[in-house]
Each structure stands twice: as C-alpha cells, then as structure tokens.
Amino acid sequence: MTSRRSALSAAILLLVLAGCGAIVDQRIDERARKAAGAYPPEGRFLTIDGRRVHYVQVGSGPDVVLLHGASGNVRDFTLGFAGRLTDRYRVTIFDRPGLGYTDPDPAFTGAFDARAEGPAAQAAFLHRAAEELGVTDEIVLGHSYGGAVAMAWAVEYRPAAAVIVSGATQPWRGGLGPLYTLTGTSLGGATVVPLISAFVPESLVRRAISAVFAPQDPPPGYAQEIGASLVLRAESFRTNAQQVKTLRQHLVDMAPRYPEIDFPVELVHGTADDVVPLEVHSGPLSRQVESARLTSLPGVGHMPHHVDPEAVVAAVDRAAARAGLK
707 MTSRRSALSA
717 AILLLVLAGC
727 GAIVDQRIDE
737 RARKAAGAYP
747 PEGRFLTIDG
757 RRVHYVQVGS
767 GPDVVLLHGA
777 SGNVRDFTLG
787 FAGRLTDRYR
797 VTIFDRPGLG
807 YTDPDPAFTG
817 AFDARAEGPA
827 AQAAFLHRAA
837 EELGVTDEIV
847 LGHSYGGAVA
857 MAWAVEYRPA
867 AAVIVSGATQ
877 PWRGGLGPLY
887 TLTGTSLGGA
897 TVVPLISAFV
907 PESLVRRAIS
917 AVFAPQDPPP
927 GYAQEIGASL
937 VLRAESFRTN
947 AQQVKTLRQH
957 LVDMAPRYPE
967 IDFPVELVHG
977 TADDVVPLEV
987 HSGPLSRQVE
997 SARLTSLPGV
1007 GHMPHHVDPE
1017 AVVAAVDRAA
1027 ARAGLK
C-alpha cells in the first residue's frame, strides 16, 4: 500500500512539475515574441560562418566601431550617441554575440553549458564582420564589457585607435554577487534563468537600469527605448550571465599584453562609477599603456556616453587626430 501511495505521489509530482514547466516555457515564448515585436532589429544582417551578425552602419568618414556593454544591444548607442558622430565618421554598431540579434557561438549554447565566448573570441568574430563591411583603419570604442572586447581587438588587430568608456579591462578582486554567480552556472542556467525570463517584472528591470546609471538618472525614455526585454529572453540572459561570470579569467590572460599597444588610446571613466570602478580598471590601464590618456569625469557614474556624451565624442575626436585620421 505504501509503495502504491509513493508511486502515486511521485506521478502527481511529475505531472505538476511538467505542468509548471509548460507554463514557464509558454511564458518565455510569449515574452520573447513581445520583445521582438516591440524592439525589432534596427539595422541589417550579415553572416559569418553560418552565424548572423546584426549591425547598424551610418554616416561617412573615418571608421568608428561601437561595442556595447553587458545586457546591452545596438540601441544603447543609437539612442542619442551615434548621431553625434555621423557627420564626420562612418559609424558601425554591432550587437555583441548572443545579445540583441547577433547569434551566439553554437558551441556555447544550451542551459547546461556554463561557458561563453570571451572578449578575444568576440573580437575575432566581430572584426571579421567589420572587414566584410569594408571597415578599415578603425577607431574601436567599447563601453563596459565592450571595453574588454575593444581591448582584445586592440591587442590582436591593431586598429588606428581605441576609446575605452568605463571599460572592464582588469582582473578584479572578489565576486560578482549572487545573481551572476548563480545564473552563470550550468545549474542556474537550467533552473533560475527560465524563471527570470518568464516572470521578472518590468519594475525590476527599471530599477536595475537606474542602478547602472547611479548617481545620475537615466535619460527620459531610456528604459522604454533601450529594449531591455531583449536580454530577458532566456538564451540571451543565459549568454550574458555566462559572459560576465567568465570575464575575469579572460582579463587575467589578456592584461599582460596591454603594454604592446603603441597606438592612440583614450580612456573615459566616471569617478563615481560603482559598477566598473575607475581605480580598478582605467586607472591601472592608463599606466600599462604608454599611449593611453585618461579623462576622469568627476561625479559621473557608469554611463558617460549618455550622461556626458560630449566628453566621449571629444575622446573620439582626439583619438582620430592622434591617429592622423583628421
């Protein structure tokens, strides 16, 4: 009798779990469709090794490549910043692998794979895409995690110049907090990420955006226009978490190569950045690279290209002048 009851209880539990899983999957699919409908691709696509790359290319003049940070997409630059450059530069903005509408590396997909493409692999992939688009003698600009990709681009492909904005470029001490620690693992990717993708409220997303901008406020309409729901898609959320979680070791391997750089590097970093602290990242980088020039922005947080865009534009112009592009 006991064994029959146990078997019946187990069967009921399996049915409940299966039902919950179906609800979660349905919710994930529904939210993904809504995100794609609300925030369709802004640019065009090309294919590299069977993988789609989403890009926006506007303007004319010397080439500038823009690489967004964690949880981002091309909209972080098309919302107000890129237009400040297009009168004198040809600007190419990429969705990084696995984010926005650029495909991730199929070798690193699936809930039970806690690996991800690091900065060097992303730089190699996007550099090939840039070459396909005719980009040459480029200024590569990276923000936050994109700064790590820009530095990998710099050490491997020697662009005309690099501009690093609040860049995560140095190995740091300590962890990343419980969210990235859990969601960047195979277990978290299989269990927690689907629940976040299915049920996290929009109010939490807005609070997360406000925390990234602190101590400043996001520009009016930023939360509505940036397309944050794109990163809440399960595969994108998982990829982003895995990229961030594995970043430190990539920087351990990459940082010793920074002194090889002998072309112009402009660093822009806010002194109030608590996400990627200046003293941990751009400060040491400015001492490692002889050609680097650091612009510190007093009281500015992690988003200078929105809070003080003219300072970032001025850095691009200085890089262009120093590289002989103007």
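Sequential numbering from 707 applies to the sequence shown in this note's numbering. All C-beta atoms in this analysis are idealised placements derived from N, C-alpha and C, irrespective of residue type, glycine included. From a predicted model like this one, the values you see are computed outputs, not experimental measurements.
Could you check if residue i is buried or exposed, using at least 16 other CB atoms within 10 Å of its CB as the buried criterion?
i: E823; result: buried
i: G1030; result: exposed
i: K951; result: buried
i: T753; result: exposed
i: V958; result: exposed
i: K1032; result: exposed
i: P970; result: buried
i: A755; result: It is worth fixing the name first, because residue 755 is Asp in this sequence and not Ala. With fewer than 16 Cβ atoms within 10 Å of its Cβ, D755 is classed as exposed.
i: D793; result: exposed
i: A744; result: exposed
i: D769; result: buried
i: R750; result: exposed
i: D801; result: buried
i: A917; result: exposed
i: L910; result: exposed
i: E941; result: buried
i: E844; result: buried
i: R739; result: exposed
i: S872; result: buried
Could you have a look at residue i and say whether DSSP puts it in helix, strand or coil?
i: E996; result: coil
i: S766; result: coil
i: F787; result: coil
i: N946; result: helix
i: A1027; result: helix
i: Y964; result: helix
i: F905; result: Below a pLDDT of 50, predicted positions are generally treated as unreliable, and F905, at 45, falls in that range; the measurement from the model is reported next regardless. Note: F905 maps to helix in three-state DSSP.
i: D801; result: coil
i: L984; result: coil
i: H1008; result: coil
i: P925; result: coil
i: P746; result: coil
i: L893; result: Residue placement at L893 is poorly supported in this model, since its pLDDT is 41, which falls under 50; the coordinates still yield a value, given next. Helix, per DSSP.
Find the nearest neighbour of residue i within the set the options, judged by alpha-carbon distance.
i: E862; options: R879, G765, A827; result: A827
i: D782; options: Y928, V871, T875; result: Y928
i: T875; options: R864, V764, G848; result: G848
i: D979; options: Q922, M857, Q763; result: Q922
i: P965; options: G749, G1005, V995, R1028; result: V995
i: H760; options: G853, E985, P746, E931; result: P746
i: G668; options: R864, L805, L791, V762; result: Here the chain comprises residues numbered 707 to 1032, so residue 668 is not present and cannot be evaluated.
i: V1013; options: P924, A1020, L973, A1021; result: P924
i: Y807; options: G786, L785, S777; result: S777
i: L773; options: T784, G765, A1026, S766; result: T784
i: A914; options: H1008, A868, Q948; result: H1008
i: I870; options: G852, A742, R864, R879; result: G852
i: Q949; options: V780, K740, P810, R739; result: P810
i: R651; options: G1005, P926, A836; result: The displayed coordinates of the chain run from 707 to 1032. Any statement about residue 651 would go beyond what the structure contains.
i: Q763; options: L1000, T977, L839, V855; result: L839
Since residue i sits in a beta bridge, which residues does DSSP pair it with?
i: V846; result: V771, A868
i: E972; result: V869, R999
i: L752; result: V759
i: R796; result: G765, D769
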